Amino acid sequence: ILWQFISGVINKAGSVFTKNRMFMLQRNWPATSFVLWLIYSELLILAHNGIILIPIFLYWNTWPSMTGILISVAGLLVTVLTAMSVGMVVGIVALRYRDLQPILKSLIRMAFFVSPIIWLERDLGAAGNLITLLNPFGYFLHIVRDPILGFPINPVDWVVACCILGVCSLSAFLILARTKHRLAFWL
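Mapped onto the working numbering, the consecutive letters of the sequence shown carry residue numbers 6 to 192.
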């Protein structure tokens, strides 16, 4: 469910400005408003798909602890903030270089298989740990999924995820500051 949110934001960010072309040409809208709209729509889809967790927990007769839920919500907040920054960067770069969007879609499909979504790194041994170590998506999956499943919380996952958030936010700020006056011309 979380992967659908992450991949949806990245895939749709490539066309977030071109889909809102008419709005951008009519009035001087802030570029962040379109990315926020994208995040909002993907969060609605995430909430809608998240309902499936209730029957799954009922079937297995196990419930996450309140602490696990709160930690998972904090992890989701870090993931959403990172997705906003990545969405801004991808949106601007894909607006300037139109060939980036299909390349990103292919890369996201491949990233699905190397991310710990349908497999856990503990099942693969040392190779799984290496793949997860090099895969930035794995950290966000861990900080949201592990507390709900009752797995021990790894502080390294949180530190790396927050560092990725910082780098992405700084990149988004710098790219937006440099290109915000040119976005309408690239449409």
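No residue lacks a Cβ here, since even glycine has one placed at the ideal position from N, Cα and C. Quick caveat, the model's predicted, so the values are computed rather than measured.
Hey, how far is the Cα of residue i from the Cα of residue j?
i	j	result
A182	L192	18 Å
E47	P160	27 Å
Q106	V95	9 Å
T184	I97	8 Å
F39	V21	7 Å
C167	T72	20 Å
G155	P69	7 Å
P157	R150	11 Å
I61	I6	13 Å
W34	L129	48 Å
G171	A177	10 Å
E126	F145	14 Å
S12	P141	13 Å
Y64	G55	15 Å
S90	G19	13 Å
T37	Y102	19 Å
L86	D162	16 Å
L135	F118	14 Å
I180	C173	10 Å
I169	L82	13 Å
G143	T23	30 Å
Taking the beta carbon of residue i as the centre, do at least 16 other beta carbons fall within 10 Å, making it buried, or is it exposed?
i	result
F10	buried
G80	buried
I254	Not covered by the structure: residue 254. The range shown for the chain is 6 to 192.
H53	exposed
D104	exposed
I123	exposed
With distances taken between CB atoms, is the gap from residue i to residue j smaller than 9 Å?
i	j	result
A112	A99	The sequence shown places Leu at residue 112, rather than the Ala named in the question. Result no, Cβ atoms of L112 and A99 do not sit closer than 9 Å.
S120	W8	yes
W42	N25	yes
I148	T84	yes
G92	I50	no
V14	A88	yes
M29	A189	yes
Residue i: beta carbon under 8 Å from a heavy atom of the ligand GDP?
i	result
I148	Ligands in the displayed structure: none, and consequently the ligand GDP is not present.
Could you check which residue in the options has the C-alpha nearest to that of residue i?
i	options	result
I74	A88, Y64 and I59	I59
H186	R32, K17 and D162	R32
N16	R114, T37, M27 and L82	R114
V164	L138, T23 and F118	L138
Quick check on the DSSP output: what are the complete alpha helix (DSSP H) runs of length 4 or more inside the stretch 75 to 144, in order along the chain?
105 to 119, 126 to 129 and 131 to 139
Please list the segments of the alpha helix (DSSP H) lying wholly inside the stretch 8 to 70, counting only runs of 4 or more residues, in order along the chain.
21 to 24, 26 to 31, 36 to 55 and 58 to 65
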